[in-house]
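Since the structure comes first, as C-alpha coordinates, the remarks are kept for the end.
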Amino acid sequence: METQRIPIVRLSGKLIVSIQTALSDTVVDRLQQDVAAACEKGDARGLVVDVSGVDVLDSYITRSLRDLAVMARLMGVETVVCGLRPAVAMTLVEMGMELPGVRTALNLDRALALLDSLQPEGLPHDLAGEGDEWEGEA
(Lines of atoms letter the chains of each structure in order from A and count residues from 1; the text may use other names and numbers.)
(Lines give C-alpha, C1' and ligand atoms only; values in the text may rest on other atoms or scores of the structure.)
Protein backbone atom coordinates (compact mmCIF):
# COMPACT_ATOMS: atom_id res chain seq x y z
CA MET A 1 0.00 0.00 0.00
CA GLU A 2 1.35 3.43 -1.03
CA THR A 3 1.88 5.92 1.80
CA GLN A 4 0.00 9.20 1.46
CA ARG A 5 2.31 11.92 0.12
CA ILE A 6 2.27 15.61 0.80
CA PRO A 7 3.11 17.59 -2.36
CA ILE A 8 6.27 19.67 -2.48
CA VAL A 9 5.86 22.70 -4.73
CA ARG A 10 8.83 24.60 -6.19
CA LEU A 11 8.27 28.34 -6.49
CA SER A 12 10.93 30.98 -7.14
CA GLY A 13 13.75 28.86 -5.79
CA LYS A 14 11.84 27.74 -2.72
CA LEU A 15 10.19 24.48 -1.72
CA ILE A 16 6.72 24.90 -0.26
CA VAL A 17 5.08 22.13 1.74
CA SER A 18 1.50 22.91 2.70
CA ILE A 19 0.16 20.31 5.10
CA GLN A 20 -3.62 20.25 4.86
CA THR A 21 -4.32 16.85 6.34
CA ALA A 22 -3.99 15.01 9.63
CA LEU A 23 -0.46 13.73 10.05
CA SER A 24 0.48 10.20 10.93
CA ASP A 25 3.95 9.01 11.82
CA THR A 26 4.21 7.26 8.44
CA VAL A 27 3.21 10.38 6.47
CA VAL A 28 5.72 12.52 8.38
CA ASP A 29 8.50 9.97 7.82
CA ARG A 30 7.72 9.94 4.08
CA LEU A 31 7.66 13.75 4.01
CA GLN A 32 11.16 13.85 5.54
CA GLN A 33 12.43 11.50 2.82
CA ASP A 34 10.75 13.49 0.05
CA VAL A 35 12.06 16.84 1.34
CA ALA A 36 15.59 15.41 1.63
CA ALA A 37 15.39 14.21 -1.97
CA ALA A 38 14.09 17.61 -3.14
CA CYS A 39 16.86 19.42 -1.25
CA GLU A 40 19.46 17.10 -2.75
CA LYS A 41 18.73 18.53 -6.19
CA GLY A 42 20.56 21.63 -4.94
CA ASP A 43 18.41 24.29 -6.59
CA ALA A 44 16.34 25.35 -3.58
CA ARG A 45 17.31 28.27 -1.35
CA GLY A 46 14.51 27.86 1.14
CA LEU A 47 11.82 25.58 2.49
CA VAL A 48 8.48 26.66 3.90
CA VAL A 49 6.45 24.14 5.90
CA ASP A 50 2.92 25.49 6.26
CA VAL A 51 1.05 23.69 9.03
CA SER A 52 -2.09 25.86 8.91
CA GLY A 53 -4.19 22.79 8.05
CA VAL A 54 -2.95 20.80 11.04
CA ASP A 55 -5.23 20.60 14.09
CA VAL A 56 -3.00 18.42 16.28
CA LEU A 57 0.77 18.13 16.65
CA ASP A 58 1.89 15.40 19.03
CA SER A 59 5.41 15.15 20.41
CA TYR A 60 6.66 12.78 17.69
CA ILE A 61 5.33 14.89 14.81
CA THR A 62 6.63 18.11 16.38
CA ARG A 63 10.08 16.56 16.83
CA SER A 64 9.94 15.24 13.26
CA LEU A 65 9.13 18.71 11.89
CA ARG A 66 12.06 20.12 13.86
CA ASP A 67 14.30 17.35 12.53
CA LEU A 68 13.10 18.06 8.98
CA ALA A 69 14.09 21.74 9.36
CA VAL A 70 17.51 20.83 10.80
CA MET A 71 18.11 18.28 8.04
CA ALA A 72 17.25 20.84 5.35
CA ARG A 73 19.55 23.44 6.97
CA LEU A 74 22.39 20.90 7.01
CA MET A 75 21.78 20.50 3.27
CA GLY A 76 22.02 24.28 2.79
CA VAL A 77 18.29 25.02 2.67
CA GLU A 78 16.91 27.46 5.25
CA THR A 79 13.52 26.48 6.67
CA VAL A 80 10.58 28.45 8.03
CA VAL A 81 7.58 26.78 9.66
CA CYS A 82 4.42 28.86 9.39
CA GLY A 83 0.71 28.72 10.05
CA LEU A 84 0.66 27.35 13.58
CA ARG A 85 -2.89 27.73 14.84
CA PRO A 86 -3.21 29.47 18.21
CA ALA A 87 -4.62 26.35 19.90
CA VAL A 88 -1.76 24.23 18.55
CA ALA A 89 0.83 26.78 19.67
CA MET A 90 -0.72 26.94 23.14
CA THR A 91 -0.76 23.15 23.41
CA LEU A 92 2.92 22.93 22.42
CA VAL A 93 3.80 25.49 25.11
CA GLU A 94 1.71 23.65 27.71
CA MET A 95 3.51 20.40 26.79
CA GLY A 96 6.88 22.13 27.16
CA MET A 97 7.70 21.54 23.50
CA GLU A 98 9.69 23.99 21.45
CA LEU A 99 11.17 24.18 17.99
CA PRO A 100 14.69 25.30 18.90
CA GLY A 101 16.70 26.54 15.96
CA VAL A 102 13.66 26.60 13.66
CA ARG A 103 12.45 29.89 12.26
CA THR A 104 8.71 30.45 12.42
CA ALA A 105 6.32 32.90 10.80
CA LEU A 106 2.64 33.69 11.20
CA ASN A 107 1.64 32.83 7.64
CA LEU A 108 2.93 31.88 4.19
CA ASP A 109 3.44 35.49 3.05
CA ARG A 110 5.61 36.28 6.06
CA ALA A 111 7.52 33.00 5.71
CA LEU A 112 8.39 33.77 2.08
CA ALA A 113 9.41 37.33 3.02
CA LEU A 114 11.62 35.96 5.80
CA LEU A 115 13.34 33.56 3.42
CA ASP A 116 13.88 36.41 0.94
CA SER A 117 15.48 38.51 3.70
CA LEU A 118 17.90 35.65 4.46
CA GLN A 119 19.05 35.40 0.82
CA PRO A 120 22.62 36.63 0.32
CA GLU A 121 23.04 39.59 -2.03
CA GLY A 122 23.90 38.73 -5.61
CA LEU A 123 21.92 35.50 -5.89
CA PRO A 124 19.18 35.47 -8.50
CA HIS A 125 15.67 35.38 -7.06
CA ASP A 126 14.52 32.60 -9.39
CA LEU A 127 16.92 29.67 -9.19
CA ALA A 128 14.21 27.12 -9.98
CA GLY A 129 11.30 27.16 -12.37
CA GLU A 130 8.09 28.86 -11.32
CA GLY A 131 5.36 26.51 -10.17
CA ASP A 132 7.15 23.19 -10.69
CA GLU A 133 5.79 20.45 -8.45
CA TRP A 134 7.95 17.64 -7.19
CA GLU A 135 6.18 14.33 -6.63
CA GLY A 136 8.85 12.23 -4.96
CA GLU A 137 11.03 9.60 -6.56
CA ALA A 138 11.71 9.89 -10.29
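The working numbering numbers the first residue of the sequence shown as 1047 and each following residue consecutively. From the three backbone atoms N, C-alpha and C, an ideal C-beta is built for every residue, glycine too.
Do the stretch 1075-1082 and the stretch 1100-1108 touch if we need at least three Cβ pairs shorter than 8 Å?
-> Three or more beta-carbon pairs separated by less than 8 Å are not found between the stretch 1075-1082 and the stretch 1100-1108, which leaves the two stretches without contact.
What residue does the beta strand (DSSP E) around S1064 start on, and which one ends it?
-> Here residue 1064 refers to the residue found at position 18 of the sequence shown. From DSSP, the beta strand (DSSP E) with S1064 extends over K1060 to S1064.
Could you check how far apart the C-beta atoms of G1099 and I1052 are, in whole angstroms? I think they sit under 8 Å.
-> Taking the sequence shown and counting its residues from 1, one reaches residue 1099 at position 53. Taking the sequence shown and counting its residues from 1, one reaches residue 1052 at position 6. About 10 Å separates the two Cβ atoms, so there is no contact after all.
How would you label K1060, buried or exposed, when you count the other beta carbons within 10 angstroms and need 16 or more for buried?
-> The residue you call residue 1060 lines up with position 14 of the sequence shown. Around the beta carbon of K1060, 16 or more other beta carbons lie within 10 angstroms, which makes this residue buried.
Whether L1161 touches V1127 by CB criterion (8 Å) = As a working note, residue 1161 is residue 115 in the sequence shown. As a working note, residue 1127 is residue 81 in the sequence shown. Note that the C-beta distance between L1161 and V1127 is not below 8 Å.
Taking Cβ positions, are D1096 and L1145 nearer each other than 8 Å?
-> What you label residue 1096 is simply residue 50 of the sequence shown in a count that begins at 1. What you label residue 1145 is simply residue 99 of the sequence shown in a count that begins at 1. With respect to L1145, D1096 sits apart: the two C-beta atoms are not nearer than 8 Å.
Hey, could you find the ends of the alpha helix (DSSP H) I1107 is sitting in?
-> Working through the sequence shown from its first residue, we reach residue 1107 at position 61. In this chain, the alpha helix (DSSP H) harbouring I1107 covers S1105 to L1120.
Do L1077 and V1123 have their CB atoms nearer than 8 Å?
-> Position 31 of the sequence shown, counted from the first residue, corresponds to residue 1077. Position 77 of the sequence shown, counted from the first residue, corresponds to residue 1123. One thing to note: L1077 has its Cβ no nearer than 8 Å to the Cβ of V1123.
Please report the residue range of the alpha helix (DSSP H) in which V1074 lies.
-> Locating residue 1074 in the sequence shown gives position 28, where the first residue counts as 1. V1074 -> alpha helix (DSSP H) spans D1071 to E1086.
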